[in-house]
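The structure appears below as structure tokens.
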Amino acid sequence: MLRRLHGLPGIALALALAVTALTGAVLSVQPALDRAAVPAIPAAANVADVAAQVAARHPGVSAIRLRADGSLTAAFDDGGTRGVERIDPATGAGLGPYAVSDTTRFITNLHRAFLLGDAGRVGAAIGALAMLGLSLSGLMLLARRLGGMSALLRPIRGTPAQRWHGELGRLAAVGLLLSSLTGLWMSASTFGLLPETAATTPAVTANGGAPAPVGTLTGLNTVKLRDLRELTFPDPADPTDVFTLVAADGERLVDAATGATLAMTPATTLERMNDLVRTLHTGRGAWVLGLFLGLASAMVPVLGGTGLVLWLRRRAARPRITTNVPARAADTVILVGSEGNSTWGFAGTLHKALVAAGHKVHTAAMNDVSAAHLAAPRVLVLAATYGEGAAPQSARLFLSRLAKLPGQPAVAVLGFGDRSFPHFCRFARDVADALEARGCPQLLPMKRVDRRSPQEFAQWGHDLGDVLGHDLTLTHVAEPPKTTRLVLAGRELYGEAVGAPVAILRFTAPVDPRTGAPGPLPAFEAGDLVGIVPPGQGRPEDAMPRFYSLASSTRDGVLEICVRLREGGLCSTFLHGLRPGEGIDAFIRENPTFRPAKGRGPLILIGAGAGIGPLAGFVRANAAGRPVHLYWGGRSAASDFLYEHELAQHLAERRLTTLRTAFSRDADESAYVQDRIAADAPRLRELVKQGAQILVCGGRDMAEAVTRALEPVVRPLGLDLPTLKSSGRYVEDVY
1 MLRRLHGLPG IALALALAVT ALTGAVLSVQ PALDRAAVPA IPAAANVADV
51 AAQVAARHPG VSAIRLRADG SLTAAFDDGG TRGVERIDPA TGAGLGPYAV
101 SDTTRFITNL HRAFLLGDAG RVGAAIGALA MLGLSLSGLM LLARRLGGMS
151 ALLRPIRGTP AQRWHGELGR LAAVGLLLSS LTGLWMSAST FGLLPETAAT
201 TPAVTANGGA PAPVGTLTGL NTVKLRDLRE LTFPDPADPT DVFTLVAADG
251 ERLVDAATGA TLAMTPATTL ERMNDLVRTL HTGRGAWVLG LFLGLASAMV
301 PVLGGTGLVL WLRRRAARPR ITTNVPARAA DTVILVGSEG NSTWGFAGTL
351 HKALVAAGHK VHTAAMNDVS AAHLAAPRVL VLAATYGEGA APQSARLFLS
401 RLAKLPGQPA VAVLGFGDRS FPHFCRFARD VADALEARGC PQLLPMKRVD
451 RRSPQEFAQW GHDLGDVLGH DLTLTHVAEP PKTTRLVLAG RELYGEAVGA
501 PVAILRFTAP VDPRTGAPGP LPAFEAGDLV GIVPPGQGRP EDAMPRFYSL
551 ASSTRDGVLE ICVRLREGGL CSTFLHGLRP GEGIDAFIRE NPTFRPAKGR
601 GPLILIGAGA GIGPLAGFVR ANAAGRPVHL YWGGRSAASD FLYEHELAQH
651 LAERRLTTLR TAFSRDADES AYVQDRIAAD APRLRELVKQ GAQILVCGGR
701 DMAEAVTRAL EPVVRPLGLD LPTLKSSGRY VEDVY
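For the sequence shown, UniProt numbering assigns the number 1 to the initial residue and increments by one for each residue that follows.
So, in structure tokens, the structure goes:
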């Protein structure tokens, strides 16, 4: 719900918000320009001295005003000459006529009212309200993603669009909240929704004597010029008229003959508040604030663009579920927990089959669970598992919300995962246990689907149909990924002598016959994944891709992977059998969580075997010479020292600071990578103390051994690996 409330207003009002933000950004520069162009007001200057200088030059002066842009101006009518003049606050001398440029006036009108008068002002107020809602909901979504409000400053991981959206939103949030709140206040004031600000000014008259020189009037020379708002001169034809002096502290009526203050009306709290709000919104009189607000406003179009990209990706990734009846009218509710949206495809197939069988079905994300969902006769939960048994993105709030809601519907839980992982479908198991603990009847025992198997899904559907009393055929056809054709450009083979062949394979795009050069590669970074579907798996939509971590980025000009030949491995056998010039069909899956954090902090890279691939890519990209310490384990230095020569070159170029290797089958010094970590504990502890980030890549057994070796390294610092993981300082890519 929160995501929908955040996304839909932003998309619907994108153009209006962009206009308001960009014009606001342009106007925000004006206070800084004014600060440079407008003469400063001397601290000792008072109203009387300047008024005397102006009156001596313009006998028909009617008012002196200190404007919001810092300009001191005088309005006069000297017989045949009438105008508004800029005044030097230090000397009272004239600096030429004062006028607001047509460009500034146009941009201001566009910002405040879209050039549409009162109707446009209403639109601007709605825009300010929408911006307030988007800023608050955006912060709440980001906090939810990062682990709470206290974690808002943690590194943001995700796709480039997610990182840009989150980083810029976090940076702009304070400015946008301030601009939207003050904009709403000013709109309310414009339309008379705030109480009257002015206090009652008593009626007074001057004593009618001959006017004294302006510079001698006590009521004027006790007020500092910098506190002036406006000084209105008395009508020369009316001896009972007075000076009206509006200053920061209120309004004074001053006798023109005696200089006495006849009445003083203090500024009300609301008037002071209006002045503060105007300063906070425009930056007038606070040019640094103005630039900050302008920077925040300038980010709005970028936030809109990245937000639209994220919204379109989410929309495209989910199946279009038709006949999705309201939850309260449904006899069957399907709740979906998915990280990469593949589970939504299965949910769509199930939804369609149930509707065809005559059921009234409502499908929603597990995060959206409510009392209405649990009031349905039956609830079917389709839940993927993320990482080390955690909840996926669309289900992270499910268990906490479930505990607070009433209802005991009949349930069936279907888990999706990969059997090769030790925490296979653990989140689905947690959900099934929670539903059982609250007394929900089981339609079916929990079932687990391995690697999105359509056959296992179809069998579960058959079992569910038996419980429901009718046939239920679930024929799920996953949409095949869009692939790119790549050809093998080169290979290096290691490890044959120790019976564990590993190939470094480098691919390019096919040669363009028009230019004779390879075509462009898709966009990717070291640490991303390339999905490859080996031939011989039947229909493309049924084939299961194999994923390999990338050791290169697009700017390297090749797509590079390390592949260990596995006995009976369909894809590894296919790739090891490729010859230069032969091709593969591949697609990129971004893996933004497995990237070095930005900055100059040390990196500790740990891997074994083919896991060195992305780590070598990170070292290769370290042109800035950031401290990088690589720990890597192989079998034999003579046989499978992957990237040996390249790493030596990186050491010489200072792209790599230190290299520690361990070879398990070397007779002289047999060791594993975790042994090197234990031996270097003091140095590693110091690096972690300096803020080092640790990146681990390789087999799961190796990763678990590394975890056991690192725990005693960080414990004396008052840290543990879960804490480092939650802050992005310990990341893994394991298989």
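The beta-carbon is built from N, C-alpha and C at its ideal position, and this holds for glycine as well.
If you reduce the DSSP assignment to three classes, tell me which class residue i lands in.
i           : result
residue 707 : helix
residue 390 : strand
residue 487 : strand
residue 560 : strand
residue 649 : helix
residue 442 : strand
residue 425 : coil
residue 555 : helix
residue 252 : strand
residue 582 : coil
residue 622 : coil
residue 700 : helix
residue 324 : coil
residue 447 : strand
residue 275 : helix
residue 492 : strand
residue 502 : strand
residue 65  : strand
residue 458 : helix
residue 549 : strand
residue 720 : coil
residue 182 : helix
residue 46  : strand
Just checking my contact of residue i with residue j at CB under 8 angstroms: how many whole Å lie between their CB atoms?
i           : j           : result
residue 379 : residue 411 : 5 angstroms
residue 532 : residue 616 : That pair is no contact at about 20 angstroms.
residue 220 : residue 245 : 7 angstroms
residue 278 : residue 272 : 11 angstroms between Cβ atoms; not a contact.
residue 383 : residue 339 : That pair is no contact at about 10 angstroms.
residue 290 : residue 71  : That belief does not hold up - the Cβ atoms of residue 290 and residue 71 are roughly 16 angstroms apart, past 8 angstroms.
residue 580 : residue 495 : Not confirmed; about 20 angstroms, so no contact.
residue 471 : residue 444 : The Cβ separation is near 16 angstroms, so there is no contact.
residue 529 : residue 507 : Not quite, the Cβ-Cβ distance comes to about 14 angstroms (not below 8 angstroms), so this is no contact.
Here's a check: name, in chain order, each residue in its chain whose Cβ is nearer than 7 angstroms to the Cβ of residue i, leaving out the five neighbours to either side.
i           : result
residue 786 : Any answer about residue 786 is impossible in this case: the structure gives the chain only from 1 up to 735.
residue 676 : 631, 660 and 662
residue 32  : 287, 290 and 291
residue 566 : 572
residue 16  : 123 and 127
residue 39  : 88, 89 and 90
residue 330 : 360, 361, 362 and 376
residue 120 : 113 and 114
residue 281 : 179, 182, 183 and 186
Which word fits residue i, buried or exposed, when buried means at least 16 other C-beta atoms lie within 10 angstroms of its C-beta?
i           : result
residue 1   : Unreliable positioning characterises residue 1 in this predicted model, as indicated by a pLDDT of 48, which lies under 50. The coordinate reading is nonetheless provided below. With fewer than 16 other Cβ atoms within 10 Å, it is exposed.
residue 441 : exposed
residue 516 : exposed
residue 702 : buried
residue 327 : buried
residue 80  : exposed
residue 204 : exposed
residue 191 : exposed
residue 186 : buried
residue 686 : exposed
residue 620 : buried
Might you give, ordered along the chain, the residues of its own chain that have their beta carbon closer than 6 angstroms to the beta carbon of residue i, omitting 5 neighbours on each side?
i           : result
residue 741 : Nothing about residue 741 can be read from this structure; the chain reaches only from 1 to 735.
residue 546 : 532 and 571
residue 241 : 234 and 235
residue 553 : 525 and 526
residue 504 : 492 and 562
residue 594 : 527, 731 and 733
Under 8 angstroms, with one C-beta from each stretch per pair, do the region 58 to 76 and the region 226 to 234 reach the 3-pair mark?
yes
Would you check if the region 106 to 124 and the region 85 to 98 touch, i.e. whether three or more CB-CB distances between them fall below 8 angstroms?
no
Should the region 294 to 310 be regarded as contacting the region 168 to 188, the criterion being three or more beta carbon pairs within less than 8 angstroms?
Yes: at least three Cβ pairs fall under 8 angstroms.
On the three-pair Cβ rule with 8 angstroms, is the region 425 to 433 touching the region 455 to 469?
no
Specify whether the region 597 to 609 and the region 689 to 703 touch according to this definition: at least 3 beta carbon pairs, one from each stretch, less than 8 angstroms apart.
By the criterion of at least three beta-carbon pairs nearer than 8 angstroms, the region 597 to 609 is in contact with the region 689 to 703.
Take every Cβ of the region 135 to 143, pair it with every Cβ of the region 203 to 214, and state whether three or more of those distances are shorter than 8 angstroms.
no
With three or more beta-carbon pairs closer than 8 angstroms as the criterion, would you say the region 678 to 696 touches the region 505 to 523?
no
Does the pairing of the region 393 to 402 with the region 356 to 363 give three or more beta-carbon distances under 8 angstroms?
no
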